[in-house]
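Quick note: the first sequence uses the numbering used here, first residue 363, plus one each step.
From the three backbone atoms N, C-alpha and C, an ideal C-beta is built for every residue, glycine too.
Working notes, beginning with the structure itself.
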Amino acid sequence: MALRVYNTLSGEKETFVPQTPGKVGMYVCGVTVYDYCHIGHARANIVFDIIFRYLKYVGYDVTYVRNYTDIDDKIIRRANQESVDYRVIADRYIKAFDEDMERLGLARPTVEPKATDHIGGIITIIETLMAKGHAYQSEGDVYYAVDTFPEYLKLSGRTMDEMQAGARVEVGEKKNNPMDFALWKSSKPGEPSWDSPWGKGRPGWHIECSAMSMEFLGKTFDFHGGGRDLIFPHHENEIAQSEAANGCQFVRYWLHNGFVNINAEKMSKSLGNFFTIRTVLEKYDPETLRFLILSAHYRSPIDFSDQNLDEAQTGLERMYTCLAAVDDALTAQPSSIDLPAPETLPEAGRELREKVDQAIPRFCEAMDDDFNTALSMGVLFETVRATNRFLAESREFGPLALSLLARVRNLFAEAGTVLGLFNRRPVEWLDGIKSAKAVNMSITPVEIERLIAERAEARTAKNFRRGDEIRDLLLAQGVHLLDSAQGTTWNVK
RNA sequence: GGCGGCGUAGCCAAGUGGUAAGGCAGAGGUCUGCAAAACCUUUAUUCAGCGGUUCAAAUCCGCUCGCCGCCUCCA
């Protein structure tokens, strides 16, 4: 089954054929580093992290480039506000971004270039564009003349007329056409600047991506990704620059992720309705956030709320609880060889074996269909149910059963390398969730343990009334007791 | 105003022509001294509404209603 991806350029799902067999070049627009990242950034980065991981998983040699935009108006403004060099701001938020992505469990891209390290390449492209008549100088600035590129707006599928109809047309006296955009901006005194054939200045926003992608991936490469909101103008302008300069196709498959919404509205800085990644991670586990993001298709909008995060956590707990039980069965078994002779699997076992046999193929089939993570997680949940059933119906496990459970464990580990989940030992993850919940309780774990001990004595003495009193008392505090043959443990509701 | 997308159970969500995955929540049951977890059963004759095409539509077409996005920095 071949990988099929939705290409924004064609508006259709297409079978992916790499430019060079066995290799993939992929560029994703990173962040402008002037503030902490919010959940929208988390989604974009997680989505492309999964795509990166899956491409590697199916055997491609992937070169993944994700840039930092470290020079920009907003960075300069922020630097002025704090009266520091722009570099201080850029470096601070690059560090913050790296920390956030690390906590979210993102795989490191192959290259993470900074715009300011590629000024030379940027200038070269602008010179080429000027030489070819696609750009013109105007009062120290250099603009791209969109009229010279007939295919302009092919990505967003609109026409110049449609774009301008009703749109606020800012009259840029410096521009020949209001739709023209800056390739190079002259700098005001005191602003960061680089020398160029057009005087001191800095690059426009779009040109850096053309320069960096060409540097690391060549003139034509396979995937270019980013949020939907980058389609216009950013990606449209990148196409105009790169294709006009190089005279060949820029990107073969354009991928765009959907937004994170708050109450059905786009989360954004300008609306002020955003949550930073670090704020969310104070309360929720990184894998929980990842789970929530993976539970919807990457192109659909996703609503962000505590309720959705809570549900995601419950769902992940279900998976981890199952894996913990599998680990238990796998390690708690006597290693002696005098286990029951070659057993035949009970019905639940045969059903599980069937699920296990199909799990990875079905998982891949889902991922092959434009990275359908929501469907792929459905496959995992079905495996969880079959596993739990088998566990619940088996008293003891023979070699056949144990090898089946080991396969369950392996398939989750395998799917986990693609989804970026199940990185922790199940019991550890569950303990982490438990203690996070316990923070909000009015009772300490020590007290809970003491009450459990008292209850155990009462129960031994068949004093169930006292035992139940203690259970109810703890329940009132949100503590559930779990009795088992091994003793009593507790969990937080 | 122009262009585009979406509307699937109480909630989240997959499904783009063949008769509705999965998760959460709910109900009943098994297990348990009682619970919890787990398991079993159950919860949309129906996919915003109305019409059309087809042997067959949530899936294609048209219209209506509602929500959202882009057209300006934005993941």
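Q) By Cβ distance below 7 Å, which residues in the same chain neighbour D503 in space, the five residues on each side in sequence not counted? A) If you number the first sequence from 1, residue 503 lands on position 141. Closer than 7 Å at Cβ, skipping near neighbours: K536, A544, W546, K547 and S548.
Q | DSSP three-state assignment for R812, whether helix, strand or coil | A | On the first sequence, position 450 is the one that residue 812 refers to. Three-state DSSP puts R812 in a helix.
Q.
Strictly by DSSP, which residues pair up with G563?
A. Within the first sequence, the letter at position 201 stands for residue 563. DSSP, once it has assigned bridges, lists S548 and W556 as partnering G563.
Q: Compute the beta-carbon to beta-carbon distance between N442 and C391, rounded to the nearest angstrom, for a pair I have assumed lies under 8 Å.
A: On the first sequence, position 80 is the one that residue 442 refers to. On the first sequence, position 29 is the one that residue 391 refers to. Incorrect: roughly 25 Å between the Cβ atoms, too far for contact.
Q | Same chain, Cβ closer than 8 Å to Q526, neighbours up to 5 away in sequence not counted | A | By 1-based counting over the first sequence, the position of residue 526 is 164. So the qualifying residues of the chain are P540 and M541.
**Q.** Residues that DSSP places opposite F583 in a beta bridge
**A.** The residue labelled residue 583 in the question sits at position 221 within the first sequence. According to DSSP, which records beta bridges pairwise, F583 is partnered with V613.
Q | Spatially closest choice to N619 from H496, N734 and R465, by CA coordinates | A | If you number the first sequence from 1, residue 619 lands on position 257. It is N734 whose Cα lies nearest to the Cα of N619.
Q | Distance CB(T749)-CB(C684) smaller than 8 Å | A | As a first step, residue 749 is located in the first sequence; it is residue number 387 there, counting from the start. As a first step, residue 684 is located in the first sequence; it is residue number 322 there, counting from the start. Taking 8 Å as the Cβ cut-off, T749 and C684 qualify as a contacting pair.
Q: Would you check if there are 3 or more beta carbon pairs closer than 8 Å linking the segment 612-628 to the segment 405-418?
A: Touching, per the Cβ criterion.
Q: Could you round the C-beta distance between Y396 and I456 to whole angstroms and report it? I think they count as a contact, below 8 Å.
A: Within the first sequence, the letter at position 34 stands for residue 396. Within the first sequence, the letter at position 94 stands for residue 456. The pair is not a contact, with the Cβ atoms about 11 Å apart (cut-off 8 Å).
(Q) Tell me the DSSP secondary structure of Q848 in three-state form. (A) As a working note, residue 848 is residue 486 in the first sequence. For Q848, the three-state secondary structure derived from DSSP is coil.
Q | Residue interval of the alpha helix (DSSP H) (run including R454) | A | For the purposes of this step, residue 454 is identified with residue 92 of the first sequence, where counting begins at 1. For R454, the enclosing alpha helix (DSSP H) covers residues Y448 to R465.
**Q.** Unbroken alpha helix (DSSP H) run spanning N750, endpoints
**A.** Counted from its first residue, the first sequence places residue 750 at position 388. First-last of the alpha helix (DSSP H) with N750: T735 to E755.
Q) Which residues in the same chain as C358 place their Cβ atom closer than 8 Å to its Cβ, once the five residues preceding and following it in sequence are excluded? A) Within the shown structure, residues of the chain are numbered from 363 to 855, placing residue 358 beyond reach of any answer.
Q) Around the Cβ of K375, are there at least 16 other Cβ atoms within 10 angstroms (buried) or fewer (exposed)? A) Here residue 375 corresponds to residue number 13 of the first sequence, with the count starting at 1. So K375 ends up on the exposed side.
Q. For N802, which option in G840, N772, L766 and R817 has the closest C-alpha, if you only look at C-alpha atoms?
A. Residue 802 sits at position 440 when you count from the first residue of the first sequence. Per the Cα distances, G840.
Q.
Our contact map puts R661 next to Y426 with C-beta atoms below 8 Å; I'd like the distance itself, whole angstroms only.
A. The count along the first sequence starts at 1 and reaches residue 661 at position 299. The count along the first sequence starts at 1 and reaches residue 426 at position 64. Not quite, the Cβ-Cβ distance comes to about 20 Å (not below 8 Å), so this is no contact.
Q.
Give me, in chain order, the residues of the same chain whose beta-carbon lies closer than 7 Å to that of S804; leave out the 5 immediate sequence neighbours on both sides.
A. Indexing the first sequence from 1 puts residue 804 at position 442. Counting only Cβ-Cβ distances below 7 Å, and skipping sequence neighbours, we find Q839.
Q. Smallest Cα separation from Q675: which of R440, N608, V446 and L651?
A. For the purposes of this step, residue 675 is taken as residue 313 along the first sequence, with counting starting at 1. Cα-wise, what sits closest to Q675 is L651.
Q: For the beta strand (DSSP E) containing G778, list its first residue and its last residue.
A: Here residue 778 corresponds to residue number 416 of the first sequence, with the count starting at 1. Segment P761 to L781 is the alpha helix (DSSP H) holding G778; no beta strand (DSSP E) there.
Q: Would you decide whether R439 is buried or exposed? Buried here means 16 or more other CB atoms lie within 10 Å of its CB.
A: Here residue 439 corresponds to residue number 77 of the first sequence, with the count starting at 1. Result: exposed.
Q. Where does P708 land, buried or exposed, given buried means 16+ other C-beta within 10 angstroms?
A. Translated into positions along the first sequence, residue 708 becomes position 346. Under the 10 Å beta carbon count, P708 is surrounded by fewer than 16 other beta carbons and is classified as exposed.
Q) If you follow the alpha helix (DSSP H) that V718 is part of, which residue opens it and which one closes it? A) Your numbering for residue 718 matches position 356 in the first sequence. For V718, the enclosing alpha helix (DSSP H) has its first and last residue at E709 to D730.
Q: Go ahead and pull the three-state DSSP assignment for M541.
A: The residue given as residue 541 occupies position 179 in the first sequence. For M541, the secondary structure class from DSSP, reduced to helix, strand or coil, is coil.
Q: Within its chain, find whatever has a CB closer than 7 Å to the CB of K436; leave out the 5 residues flanking it on each side and keep chain order.
A: Stepping through the first sequence from its first residue, residue 436 is reached at position 74. Excluding residues within five positions, the ones whose Cβ falls inside 7 Å are T394 and Y396.
Q: Indicate whether the contact test is met: 3 or more Cβ pairs, each with one atom in the segment 479-493 and one in the segment 553-566, closer than 8 Å.
A: Touching, per the Cβ criterion.
Q) Helix, strand or coil for N407 per DSSP? A) Counting from 1 along the first sequence, the entry for residue 407 is found at position 45. Looking at N407 - three-state DSSP - the assignment turns out to be helix.
**Q.** Assumed close pair V746, M681 - CB separation to whole angstroms, cut-off 8 Å
**A.** The count along the first sequence starts at 1 and reaches residue 746 at position 384. The count along the first sequence starts at 1 and reaches residue 681 at position 319. Contact flag correct, Cβ pair sits at about 6 Å.
Q) How big is the Cα-Cα spacing for K824 and E816? A) As a first step, residue 824 is located in the first sequence; it is residue number 462 there, counting from the start. As a first step, residue 816 is located in the first sequence; it is residue number 454 there, counting from the start. Answer to the nearest angstrom: the Cα atoms are 12 Å apart.
(Q) Quick check on N623: does DSSP put it in helix, strand or coil? (A) The sequence position of residue 623 within the first sequence is 261, counting from 1. DSSP places N623 in strand when its eight states are reduced to three.
Q. In three-state terms, what does DSSP make of Q381?
A. Counting from 1 along the first sequence, the entry for residue 381 is found at position 19. Residue state, collapsed to three classes: coil.
Q: Would you tell me roughly how many angstroms separate the C-alpha atoms of Y398 and T850, rounded to the nearest one?
A: As a position in the first sequence, residue 398 is number 36, starting the count at 1. As a position in the first sequence, residue 850 is number 488, starting the count at 1. Rounded to the nearest angstrom, the two C-alpha atoms are 44 Å apart.
Q. Helix, strand or coil: how does DSSP classify A658 here?
A. The residue labelled residue 658 in the question sits at position 296 within the first sequence. If DSSP states are grouped into helix, strand and coil, A658 belongs with coil.
**Q.** Nearest-angstrom beta carbon gap, P551 and I481 [assumed within contact, 8 Å]
**A.** Here residue 481 refers to the residue found at position 119 of the first sequence. Here residue 551 refers to the residue found at position 189 of the first sequence. Actually they are not in contact, since the Cβ atoms of I481 and P551 sit about 19 Å apart, beyond 8 Å.
(Q) Buried or exposed for S865, going by 16 or more other Cβ atoms inside 10 Å? (A) Given that the chain is displayed from residue 363 to residue 855, the structure contains no residue 865 and the question cannot be resolved.
**Q.** N-terminal and C-terminal residue of the beta strand (DSSP E) that A497 is part of
**A.** As a first step, residue 497 is located in the first sequence; it is residue number 135 there, counting from the start. Counting along the chain, the beta strand (DSSP E) containing A497 begins and ends at A497 to S500.
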